[in-house]
Each structure stands twice: as C-alpha cells, then as structure tokens.
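**Student:** Before I ask anything, let me first share the structure, which is written out below as structure tokens.
Residue numbers (our numbering): 1 to 748.
Written as structure tokens, this is what we have:
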C-alpha cells in the first residue's frame, strides 16, 4: 500500500512553491451509517506533508472529530499551496478500514485504484460530507462560479492537415493558398450568415520544413514546409484568417527533430562539437526499452543516441542550456509572426530522467518555464498539449502555470463507446470526473484526431450516431476541436496516411481536392460524403455541425458555463446542465434504441436563482414550456410532458429566467469571492482589486425579499451571520455599472 501511494504522489501532487496562496481545507465524511471504530476516523492523502500532518498517505496521523454529534466527522488543515489533492477516509487508524471509493466519484490513478479529489484553489475549500464509501451526500453543495475563462473558451477549433485540405496549384498537395481559398467555408467573417461552418480557431498540423509527408520531424524551425508555400504565403493565410475572426495555433514539435536537421548531423559527426549535447548520447547501448516496449537507443558512428519514437526522430536534450535558449527563441519567433499559440506534440516525453521517460518532474518544470516564455511574448497566447494518458496523468499538465489546456483522451473514448454501445453510464462517469479534477473548462474535447481511426468508421458509418456524438462534445464544457472532414463523415483507418486523406469537397474528380493527382488516394465514400452534396441538405451531417456550432457560438452558457450532472428516470437518457450567470442550457440525449416519451429530469443544486424559467429547444427552435427552480437552485422531477425524445436524438434546452431574483440582463462583475461558504458565523466578500472600490451590496432571502442594502468602499466586506436564520441568501454586488450575484448558505 505504501509503495502505491508514493507513486501516486509523484504522479499527480502539486509541486511546492509554485502557488503562494494559503488554503484552508476542510475534509468531511458522513459516518452515520457506519459503526465507528474504536480507533476513530482518519483521512489520508497526498496533502499531509504540506499540511504538517505526518507523511503523505499515513492512515493514523490525521484524525477527524464530530463536534456536534450529527455523524459528520471533519478536520481542517492549512496548506501553503493549492491545487488538486487526493484523499480517502479510514474507519479506524489502519488501511484495513479504508473506504473503497466508487469509480463514479473517484479518480483512477491508472492502476484501478480510486481516491476522492478536491480542487483546493480557493482560499477556503470545503468538501461535501459524502457517506463513507459512497458517492452520496445528504447535502447539496452549490457549484462555485469563481473561475476564469479565456478567449479559447469561446472558440471552436478546426484541425487541418495542410497537405490534405485543398490544392491550389494542381501538384496534388494542399498548400497555404488553398487554405486561403477555403477560409469562407470555415468562417466567412459575417456572423449573420449560416452557410459557413462557424469555427473560430484553426490548429495547423506541422507546417515547418520537414523531409516527411507528415512534418513531425523538423529540419528547420524557422522555415515553412516548401510543399505548402513560402513564408509570405503563410503570412497571407494568417492575415486572412485573422480578418475573419479566426485564431490560428500551430503544431510545435519540442520533443525531437529530424535526423536530417543540421543540429543532429553536426551532433553526430564527432563527440566534441558544439551541438553534441543538444541530443542524448551514450558510448554504449543502455538497452532498456520504451513505454510501449520499443527500442529507444539507436546506433550511429559507433555511439548510441536516444529517440523515443524511432531512429529518424532523435530526442532533444532539454538539460542543455543552449538548446533550451534556442527553443525559447523559436517560441517567440512564431508568436511575433502572429500565431495565437501552439499545440504541443508528445508533451509527456519532453524531458526524460534515465529510464523514467514520461510525466517526469523535469518535464513539468520545463513546461512551467515554457509558460513564462510564451506568456511574456504574448500574454493571451494559448497552448494545448497532447499527453495521451488517462485523466489522472493529464491533469498536472494544466496545473501550476504549465499549459493552458490538454486533450482529454479518456472523455473522447467515453463518448465513442457510450454512443456505440447505446449506454450513457460510462460517459456520465467520465464527464463528471473531468469536471471535478481539471481547472474549470480548461481541457480540450474532441472525437478523434490524425493519429486515430476516424469516428465515422468507428461508429460503423451510422450517421445518427455521428450526429449524437457531435451534439454531445459540442455542448460539453471544454474547448472543442473538430478534425477536418469529420463534419462530412470522412472515413480513414489503418496506416496514418489513410487517416489523413484529402478533404472531400465535391462528388467530382478527386473529390474536388486537386486538379492533379492527389498525394494520397481519395476515400471511397466521397461521392455522398462531401461538402457540396451535404451543403444543400438540411438534414445532412454537415448541416448538423453548422447548426450546433452556431448554437454554441450564440450561447454563453455553452462556452463558459460550469457543468452540473442531471438525473433522469429513464436509464437511456443522459442529461447535464451548463450554467452561466442566471441562464442555463440543459442537454438531454437519448442513447436508447427506442424513443423516450416525456422524459423526467432532476437537478440537485445549482447557482441559479429561485423562480420560473422559460424553456426553448434551440436546435428545433421551439418553446417547451417552463420549469421551476427552487431555493437550492434545484429542479425536481421536471417532466417534459407531451415531448418525445427519439433514439439518438439530443435536445439543447435554454432556460431563461422569467421570475428569478437575478441579474441576467446586467454586465457581470467578475472575480468576486465569498468565503467560507457555507458559513456558521461570518462570511467575507472580496472584490476585484481595481483601486478604490465603491460598491453597493444588497442581501436577499431565498424568496427574493430584500433584507438590507449598504454602500462600501474598499475591496472586502465581512458579514456577521450569527443572528441570521439558517438558509440560503443572495448577495448582490453592484459596482461601476457591473453586477455579481453570489449565493450564501448559512448553517449554525
């Protein structure tokens, strides 16, 4: 047991010293259905050493108490840093009494072991009082609305393999000029039109000089691939994209170069030249294998060099200061050129430590330094990493000022398997997990990418399933990425080249991709599954994608709203809410093979104000009555009477406040915090630090009755709540024409 938890700490624990904020962490467990051991109740986790409570995962050093004899045991610890922590409760003081945390509310470390988690990033963090060994709690915890969003949370990205997108000169290979010619298909720059796809971001797969078709083995980081055009052509594409409101990020291969790169040819020529230590060399063959059993040491000129993927891609040595300085110069070069950020290839292998080849502390430290470099060069630059691992191993890449986001491979797999198997259970579990463990919204969603068999084939060319999968990931939290051609149902499997075939534009010769001979043969399904044919069909897959992206672009709740799971009385139905301000979007999807008549939904808790909400189904543009939200922001047994949800169909329901106490029409005042919440004696309201803050604070009860109003000057205010009756209150803050509404729960 000890060795497992030691490994787990290395894998996911936050690094000390990167966050200075003090965190008061309260851990709670409901033991009312347990016979409490004579040894008491304890908690063990990967925070104990930081909190001065013994060694991490010590089952006997951190005891909980039940001061009010209600069966809920708790303990408060103070931490010098915040972040994602893991823990589990122990009935007694040894591991024999440890709870078995269910997968539905636990984080899998990759070895089948589950632990509870808390994202302790606020100054006060308080866990729900879960029943020991279950996901159930007797109390509903209001989700926090104190999180930041960025321009990429408003974006829908489109992944493009330049070689396969559009050929402008008939040489059979796509190019930058071809990209420019097809930009109006992606986004014509006019928000009032509906004939374009509506994407607002582009990820270009490698476009730097390379000897291979794919470009992941760079020979010149400062040059464009000549097959695609000149630097001037790339700059013209960049300007044309920006003119249409499209952000552009490019693939940045930081782990390795081509063996033909001048750095490597010089490094391998002798043992004393200036580039020798830009790569990793050994006089003898260390012989150990890589993470998937591959050889990683390759011979050249009587010596051995390290390359985790294959001999043609030698790994860079990030321990070399000159190499690192040069790579930071390259980082700044493209940002200064105008790109909006990077997609980082193979990020988990960047900086190995002997036989520890992935997810090393050295890699995390390197990414923290990389963050400082790219944010200094361009403060709003966006980075998204490919750390192809389980969620537990991916989360550290987006913590502590490393990357802005990372691709969520487990979620992509859960969407695929749940849609294919007509069972939402796995997807519900994974969706709930990722929204617990990542910083709010800061992960990338997708169905498949250039390294995977295309989703159309994986779903058996079932267009209804394709539409359902698209409906799900384009309404989920996170930053969505769409692989080129996915929107028209392109096929592709087997060798990588066949996953990256030319785009299908028309039913004509070469699918309209090129007037010459395409670099790779066209897919067999191009005659029906192409842009031209599907553009004129309102029921096509392409029309479905266009409508979904338009809906997402128009709804702040789908771009910035937090996720809250909803339950249904029908087992085939998956439902979740996206809440932003005083508006919500509820997504309802039927995974069954039969229609569901009048589905019934419930929401346990939210930050929505109490009242009645009008319901509009956005995809079909029809009214669907009203729904009542109670004082806990909950919806109980909401039956959509008279409405039938077809097999594989998804509703996108917007809830707009009709009578709620709220601020839906007012501009939001951001970065307002209220803690502790719930509170017993007092609560402190902190305001944005914008000089001398003047604000009006109004307090309402749960029914919307105004209790008090006062004006304050400063950046904080404390409420003395000892005399307030137990219940829910709304705190409205107005300052400089902006408003924020906070929910406060008072319990004595």
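Where a beta carbon is used, it is the ideal one built from N, C-alpha and C, also for glycine.
Let me know the alpha helix (DSSP H) ranges lying completely inside the segment 634-685, each 4 residues or longer, listed in chain order.
**Tutor:** none
**Student:** Within the same chain, show all residues whose beta-carbon is closer than 7 Å to that of residue 165, passing over the 5 residues directly before and after it, in chain order.
**Tutor:** Residue numbering aside, residue 165 sits at position 165 when the chain shown is read from its first letter. 174, 178, 179, 182, 484 and 503.
**Student:** From the DSSP output, read off the bridge partner residues of residue 160.
**Tutor:** Counting from one through the chain shown, the residue named residue 160 turns up at place 160. Paired residues: 204.
**Student:** Taking 8 Å as the cut-off, decide whether the C-beta atoms of residue 541 and residue 476 are in contact.
**Tutor:** For the purposes of this step, residue 541 is taken as the residue at position 541 of the chain shown. For the purposes of this step, residue 476 is taken as the residue at position 476 of the chain shown. Taking 8 Å as the Cβ cut-off, residue 541 and residue 476 do not qualify as a contacting pair.
**Student:** Within 10 angstroms of its Cβ, does residue 138 collect 16 or more other Cβ (buried), or is it exposed?
**Tutor:** Residue 138 sits at position 138 when you count from the first residue of the chain shown. Exposed, because fewer than 16 other Cβ atoms sit within 10 Å of the Cβ of residue 138.
**Student:** Using 10 angstroms around the beta-carbon of residue 641, count the other beta-carbons present and answer buried if the total reaches 16, otherwise exposed.
**Tutor:** For the purposes of this step, residue 641 is identified with residue 641 of the chain shown, where counting begins at 1. It is exposed - the Cβ of residue 641 has fewer than 16 other Cβ atoms within 10 Å.
**Student:** Which runs of the beta strand (DSSP E) at least 3 residues long sit entirely within the segment 284-346? Give them in chain order.
**Tutor:** 297-300, 303-306 and 341-344
**Student:** I need the straight-line Cα distance from residue 162 to residue 172, nearest angstrom please.
**Tutor:** Walking along the chain shown from the start, residue 162 turns up at place 162. Walking along the chain shown from the start, residue 172 turns up at place 172. Distance between the alpha carbons of residue 162 and residue 172: 12 Å.
**Student:** Quick one: Cα of residue 106 to Cα of residue 44, how far?
**Tutor:** Here residue 106 corresponds to residue number 106 of the chain shown, with the count starting at 1. Here residue 44 corresponds to residue number 44 of the chain shown, with the count starting at 1. For residue 106 and residue 44, the distance between alpha carbons rounds to 15 Å.
**Student:** DSSP three-state label for residue 480, please.
**Tutor:** Start at 1 with the first residue of the chain shown, and residue 480 comes out as number 480. The answer is strand: DSSP assigns residue 480 an E or B state.
**Student:** Please list the segments of the alpha helix (DSSP H) lying wholly inside the segment 371-450, counting only runs of 4 or more residues, in order along the chain.
**Tutor:** Qualifying alpha helix (DSSP H) stretches, in chain order: 391-394, 409-421 and 425-437.
**Student:** Taking its Cβ as the centre, do 16 or more other Cβ atoms sit within 10 Å of residue 505, making it buried, or is it exposed?
**Tutor:** Stepping through the chain shown from its first residue, residue 505 is reached at position 505. Residue 505 comes out buried.
**Student:** Residue range of the beta strand (DSSP E) that residue 551 falls in?
**Tutor:** Translated into the one-based positions of the chain shown, residue 551 becomes position 551. Element bounds for residue 551: not the beta strand (DSSP E) but the alpha helix (DSSP H), 541-554.
**Student:** With DSSP collapsed to three states, give me the class of residue 100.
**Tutor:** Here residue 100 is taken as the residue at index 100 of the chain shown, counted from 1. Residue state, collapsed to three classes: coil.
**Student:** In whole angstroms, what separates the C-alpha of residue 509 from that of residue 200?
**Tutor:** Here the question's residue 509 lines up with position 509 in the chain shown. Here the question's residue 200 lines up with position 200 in the chain shown. So the alpha carbons of these two residues sit roughly 30 Å apart.
**Student:** So residue 568 is in the beta strand (DSSP E); what residue range does that whole segment cover?
**Tutor:** Residue mapping note: residue 568 aligns to position 568 of the chain shown, counting from 1. Run containing residue 568: 562-568, per the beta strand (DSSP E) assignment.
**Student:** May I ask you to list the residues that DSSP assigns as paired with residue 700?
**Tutor:** Counted from its first residue, the chain shown places residue 700 at position 700. In DSSP, residue 700 forms a bridge with 706 and 730.
**Student:** Helix, strand or coil for residue 60 per DSSP?
**Tutor:** In the chain shown, residue 60 corresponds to position 60, counting from 1. DSSP places residue 60 in coil when its eight states are reduced to three.
**Student:** As a quick exercise: from 51, 98 and 24, pick the residue whose alpha carbon is nearest that of residue 36.
**Tutor:** Here the question's residue 36 lines up with position 36 in the chain shown. The shortest Cα separation from residue 36 among 51, 98 and 24 belongs to 98.
**Student:** For residue 662, I'd like the list of residues in its chain whose CB is within less than 7 Å of its CB, leaving aside the five on either flank, ordered along the chain.
**Tutor:** Translated into the one-based positions of the chain shown, residue 662 becomes position 662. Since pLDDT at residue 662 reaches only 40, below the 50 mark, its modelled position is unreliable, and no value is offered.
**Student:** Taking the alpha carbon of residue 717 as the reference point, which residue from 352, 455 and 674 has its own alpha carbon closest?
**Tutor:** Position 717 of the chain shown, counted from the start, is the residue given in the question as residue 717. It is 674 whose Cα lies nearest to the Cα of residue 717.
**Student:** Count the other CB atoms within 10 Å of the CB of residue 612; is the residue buried (16 or more) or exposed (fewer)?
**Tutor:** Locating residue 612 in the chain shown gives position 612, where the first residue counts as 1. Per the 10 Å Cβ criterion, exposed.
**Student:** Can you tell me whether residue 288 is buried or exposed, with buried defined as 16 or more other CB within 10 angstroms of its CB?
**Tutor:** Counting from 1 along the chain shown, the entry for residue 288 is found at position 288. Looking at its Cβ environment, which holds fewer than 16 other Cβ atoms inside 10 Å, residue 288 is exposed.
**Student:** Less than 8 Å separating the beta-carbons of residue 392 and residue 109?
**Tutor:** To locate residue 392, count along the chain shown from 1; it is residue 392. To locate residue 109, count along the chain shown from 1; it is residue 109. Yes, the pair counts as a contact, with Cβ atoms nearer than the cut-off.
**Student:** From residue 732 to residue 726, what distance separates their C-alpha atoms?
**Tutor:** Walking along the chain shown from the start, residue 732 turns up at place 732. Walking along the chain shown from the start, residue 726 turns up at place 726. Cα to Cα, residue 732 sits roughly 19 Å from residue 726.
**Student:** Residue 280 by DSSP, collapsed to three states: which one?
**Tutor:** Taking the first residue of the chain shown as position 1, residue 280 is located at position 280. Under the three-state reduction of DSSP output, residue 280 falls in the coil class, being neither helix nor strand.
**Student:** Using 8 Å as the threshold, is the segment 446-458 in touch with the segment 479-496, meaning 3 or more CB pairs across them?
**Tutor:** Contact holds between the segment 446-458 and the segment 479-496, because three or more Cβ pairs, one in each stretch, are under 8 Å apart.
**Student:** Compare the C-alpha of residue 737 against each of 723, 693 and 709 and name the closest.
**Tutor:** Against the chain shown, residue 737 aligns to sequence position 737. Of 723, 693 and 709, the residue nearest in Cα terms is 693.
**Student:** In angstroms, rounded to a whole number, what distance separates the CA positions of residue 273 and residue 263?
**Tutor:** The residue you call residue 273 lines up with position 273 of the chain shown. The residue you call residue 263 lines up with position 263 of the chain shown. About 10 Å.
**Student:** Taking the straight line between their C-alpha atoms, what separation do you get for residue 565 and residue 605?
**Tutor:** Counted from its first residue, the chain shown places residue 565 at position 565. Counted from its first residue, the chain shown places residue 605 at position 605. The straight-line gap from Cα to Cα measures roughly 9 Å.
**Student:** Beta-carbon within less than 8 Å of residue 747's beta-carbon, same chain only, minus the 5 sequence neighbours each way: which residues are those?
**Tutor:** Taking the chain shown and counting its residues from 1, the one referred to as residue 747 is at position 747. The answer, listed in chain order, is 678, 679, 680 and 726.
**Student:** Should residue 707 go down as buried or exposed, given a rule of 16 or more other Cβ atoms within 10 Å for buried?
**Tutor:** For the purposes of this step, residue 707 is identified with residue 707 of the chain shown, where counting begins at 1. Answer is exposed; the Cβ neighbour count stays below 16.
**Student:** Return the residue from the list 185, 498, 198 and 422 that minimises the CA-CA distance to residue 571.
**Tutor:** Locating residue 571 in the chain shown gives position 571, counting from the first residue. When only C-alpha atoms are compared, the closest one is 422.
**Student:** Looking at C-alpha atoms only, which residue of 128, 87 and 260 is the closest neighbour of residue 114?
**Tutor:** Within the chain shown, the letter at position 114 stands for residue 114. Taking only the C-alpha atoms, the option nearest residue 114 is 87.
**Student:** For the beta strand (DSSP E) that contains residue 225, what are its first and last residues?
**Tutor:** Residue mapping note: residue 225 aligns to position 225 of the chain shown, counting from 1. Premise fails: residue 225 is in no beta strand (DSSP E) and is neither H nor E.
**Student:** How long is the line joining the alpha carbons of residue 430 and residue 266, rounded to whole angstroms?
**Tutor:** Taking the chain shown and counting its residues from 1, one reaches residue 430 at position 430. Taking the chain shown and counting its residues from 1, one reaches residue 266 at position 266. Residue 430 and residue 266 have their alpha carbons spaced roughly 48 Å apart.
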